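S.K.:
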Amino acid sequence: MGWSYRKSLRMGPFRLNFSKKGVGHSVGVRGARYSSSADGRREMTFRIPGTGLSWRRPLRRRR
1 MGWSYRKSLR MGPFRLNFSK KGVGHSVGVR GARYSSSADG RREMTFRIPG
51 TGLSWRRPLR RRR
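Per full-length UniProt numbering, the very first residue in the sequence shown carries number 1; after that it's consecutive.
1. When you compare only the Cα positions, how much space is there between Gly22 and Gly50?
2. Around the C-beta of Ser4, are 16 or more other C-beta atoms found within 10 angstroms, so that it is buried, or is it exposed?
3. What is the DSSP secondary structure of Ala32, reduced to helix, strand or coil?
4. What are the boundary residues of the beta strand (DSSP E) that Arg42 is part of?
5. From the DSSP output, which residues share a beta bridge with Pro58?
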């Protein structure tokens, strides 16, 4: 298992995510979030706060 790196910087509803692969971003409110990773993957995440339950939906890449 190799080394990994991840750091997040929060600015209100926006979040920048720094990793070895690059910079990703996400935006959302409590319970719903849109994320775009450094390698181009996009997804929507819906959560029920306080329960640990969540649902993720990958979004197709733009052509």
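Virtual Cβ for every residue (Gly too), placed ideally from N, Cα, C. Since the structure is predicted, the reported quantities are computational estimates derived from the model, not experimental observations.
M.R.: With the structure as the only source:
1. Their backbone Cα atoms lie some 31 Å apart in a straight line.
2. With fewer than 16 neighbouring CB atoms inside 10 Å of its own CB, Ser4 falls in the exposed class.
3. Reduced to three states, the DSSP call for Ala32 is strand.
4. Note, Arg42: beta strand (DSSP E), 42-48.
5. Per the DSSP secondary-structure output, Pro58 pairs in a beta bridge with Glu43.
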